[in-house]
Amino acid sequence: MRIVAWHPLLTDHQAYTWGAAVPLVDHLRVNVWRRSDAVRDAQGWQRRSPQAGEEHAVPRADWWRWSRALLRRERKAWHLFGSPFEDRRQLAVMLLAVAMGCKVGIVSEPYSTSSAGYFSERATIADTVRQRLRPLVYRGYGALIAQRLGIVFAISRLACRQYAALGVPAGRIAPFGYFVPGPGQGASRPDGLRQPQAGLRAIFVGSLIARKGIDTAVAAVRRLRAQGSDVTLDLYGPGDAAPWLGDAGVTYRGTIPFGDVAATIGGYDALILPSRFDGWGVIGNEAIQAGVPVIASDAAGVGDLVEAQRCGQRFETGDAADLARCLQRWVDDPLALAAAAAAAREAAGLVEPVVAADFAVRCLRARDAGAPLPASPWYHG
């Protein structure tokens, strides 16, 4: 089997999985349209993964002829397009691959249902317009290619539902995610029950922007502390933390190098992922790999994994009272917290890139053989 992956920008979220797939196939190459991104760089994103197979930069000039020639040479390969609609040039190449009869698949998050700025603090009028237009735009994409896609690696249940609604046959949708290697299954967190007198120490890691829902997490903690519960929240990440501080229960701790947070998370009782929208939220993987349970909003894709593996809780997006209820449950019931932590340690091996690579290759082989897709190791679509 030969795989040609196409990405606007290759980050650790995908690179580790492709790297793990190299020994499983005859040939794997990754084409990228750009090597860096100013916004992500400013937020501390770093690529730590080794080279994922043969990596090639698509030439800025003459990219169309270069891509067309590659499609002709690799006509029998699987062409998998990550973030398929992010870059117009890549979208054009994907449509060409479909027209040429190549085996085409995509690796895709759901489209955002939130008007909050994806990488910025404030939503603009353009963000609101894009949010309202996205369903129409994606319906147009669906009309063009849904029936002709060989496979969709859908990142979250929401993505599974969206692509099914666009017309992709259910038997071609494989529930997927983002995956980075951990330090070892629960290696940074000891077993055992939390001592009740220690209170509940929660952590947030991410950019301090509106989309991440920090206001919801802070409001939940303040609500609990006003009721006498010993719950604290430490914030880590780039951005202005001033709006979220103001009492002893919320502390800003600075930043942690991207992709290197498991040791820090391992010192806490729970990770809160309160996003108003997150296609996945790989920080949830890193908490699980540290043996720390997760409380995720129902708008964070990784919450599907958390829920299926019973290593945390979910709450209604933006509902501070519902999040407070989840936190209070673990304050009141150390056994429930310990069970979630044990489930996280058990699930740590499932979120390794080698598992994702094996699943992806088995899915492609199944499609080649006309067989049903294998069951997802993480959650059901």
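Numbering (the numbering used here), first residue to last: 1 to 381.
Even for Gly, the Cβ is constructed at its ideal location relative to N, Cα and C.
Given a length threshold of 4 residues, each whole run of the alpha helix (DSSP H) inside the stretch 40-102 is given here in chain order: 63-73 and 88-99. The beta-carbon separation of residue 218 and residue 208, rounded to 11 Å, does not stay under the 8 Å limit for a contact. The shortest CA-to-CA distance from residue 20 to any of 381, 276, 371 and 355 is the one to 355.
When the beta-carbon positions are compared, residue 299 and residue 265 stay at least 7 Å from each other. Counting C-beta atoms within 10 angstroms of its own C-beta, residue 228 has fewer than 16 neighbours from the protein chains shown and is therefore classed as exposed. Taking each of 31, 210 and 140 in turn and checking the Cα distance to residue 238, the smallest one comes out for 210. Between residue 277 and residue 112, the C-beta spacing is below 7 Å.
Following the DSSP letters along the chain, one finds residue 264 inside the alpha helix (DSSP H) bounded by residues 262-265. Contact check for residue 294 against residue 323 fails: the beta carbons are separated by 7 Å or more.
Residue 147 counts as exposed, since fewer than 16 other C-beta atoms from the protein chains shown sit within 10 angstroms of its C-beta. It is roughly 33 Å from the alpha-carbon of residue 263 to the alpha-carbon of residue 81. From the listed residues 337, 64 and 306, the smallest Cα separation to residue 378 is found for 306. Of the candidates 245, 225 and 230, 245 places its Cα closest to the Cα of residue 215. The beta-carbon distance between residue 154 and residue 303, rounded to whole angstroms, is 15 Å. This is too long to meet the 8 Å contact definition.
Counting along the chain, no beta strand (DSSP E) covers residue 228, and no H or E run does either.
Here DSSP, grouped into helix, strand and coil, assigns residue 144 to helix. For residue 3, the enclosing beta strand (DSSP E) has its first and last residue at 2-9. In the three-state DSSP reduction, residue 253 falls in the coil class, being neither helix nor strand.
Residue nearest to residue 104 within the set 316, 4 and 240 is 4 (criterion: CA-CA distance).
The residue from 171, 110, 151 and 181 with its alpha-carbon nearest to that of residue 159 is 110.
In the DSSP assignment, residue 296 forms a beta bridge with 273 and 314. Straight across, the Cα-Cα distance linking residue 28 with residue 328 is about 48 Å.
Residues of the same chain with a CB within less than 6 Å of the CB of residue 308, apart from the 5 flanking positions on each side, are 379 in chain order. DSSP lists no bridge partner for residue 240. Scanning 261, 213 and 255 for the CA closest to the CA of residue 243 turns up 213. Collapsing the DSSP output to three states places residue 180 in coil. The beta carbon of residue 13 sits closer than 8 Å to those of 178, 179, 180, 280 and 282, all from its chain and outside the five residues before and after it, given in chain order. Rounded to the nearest angstrom, the Cβ distance from residue 203 to residue 268 is 4 Å, consistent with a contact under 8 Å. Per DSSP, the continuous beta strand (DSSP E) segment holding residue 200 begins and ends at 200-205.
No Cβ-Cβ contact shorter than 7 Å links residue 347 with residue 17. Distances from the alpha-carbon of residue 142 to those of 350, 55, 369 and 84 put 84 closest. If you draw a straight line from the Cα of residue 223 to the Cα of residue 254, it comes to about 24 Å. According to the DSSP assignment, residue 157 belongs to the alpha helix (DSSP H) that extends over 157-165.
When DSSP states are grouped into helix, strand and coil, residue 105 belongs to the strand group.
Counting only residues of its own chain and dropping the five nearest sequence neighbours on each side, residue 167 has a CB closer than 8 Å to the CB of 142, 143, 146 and 147.
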